[in-house]
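A.B. asks: One structure, pasted below without further comment.
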Amino acid sequence: MGEDRPMRCDLCEGKVEEKLISYTLFYEGHWIIVENVPAKVCHQCGEKLFAPDIVEKMQNIVWSKQRPRKKVNTPVFSLSV
Ligand SMILES: [Zn+2]
C-alpha cells in the first residue's frame with residue numbers, strides 16, 4: 000500500500016508500535032480475555048488501535064460463544080467502600 004510514514008496515535012500523536020496484546024472486555028456479565036491480538040499501541044498514552052479485520056475477528060469470537068481455549072480466575076478489586 001506504500002504507507003511509509005510512521006504510524007501516529009489518533010489521540011496524542013505519539014509513536015505507536017505493533018504488538019500482540021491481551022484484550023479484555025466485559026460481555027454479558029463476564030470478563031472475556033482474547034489473547035494474541037495484534038494491536039498498535041501508543042507509547043505515550045497507551046491507546047490501542049485495532050485494524051478493522053481484527054475488530055471483526057474479536058466480535059466473531061465473542062458473539063459465536065465458542066468454547067474458550069482456557070479459563071482463568073480473575074481477581075477483582077474495587078475502590079468503593
Ligand atoms: Zn497516544
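Counting in numbering that gives the first Met the number 0, the sequence shown runs from 0 upward without gaps.
Where is the CB? At the ideal position from N, CA and C, for every residue including glycine.
Please read all numbers here as calculations on a predicted model, not as lab measurements.
Residues with a Cβ closer than 5 angstroms to any heavy atom of ligand 1, in chain order?
C.D. replies: Cys8, Leu10, Cys11, Gly13, Cys41, Gln43, Cys44 and Glu46
A.B. asks: Taking 7 angstroms as the CB-CB limit, is Arg68 close to chain C?
C.D. replies: Although the question refers to chain C, the structure presented lacks it and comprises just one protein chain.
A.B. asks: So, using beta-carbon positions, are Tyr22 and Val61 closer together than 7 angstroms?
C.D. replies: no
A.B. asks: Could you name the residues of the same chain whose beta carbon sits closer than 8 angstroms to that of Asp9, not counting the 5 residues immediately before and after it, in chain order?
C.D. replies: Glu46 and Leu48
A.B. asks: Does the Cβ-Cβ distance between Cys41 and Val15 come in under 7 angstroms?
C.D. replies: yes
A.B. asks: Do Glu55 and Lys39 have their C-beta atoms closer together than 7 angstroms?
C.D. replies: no
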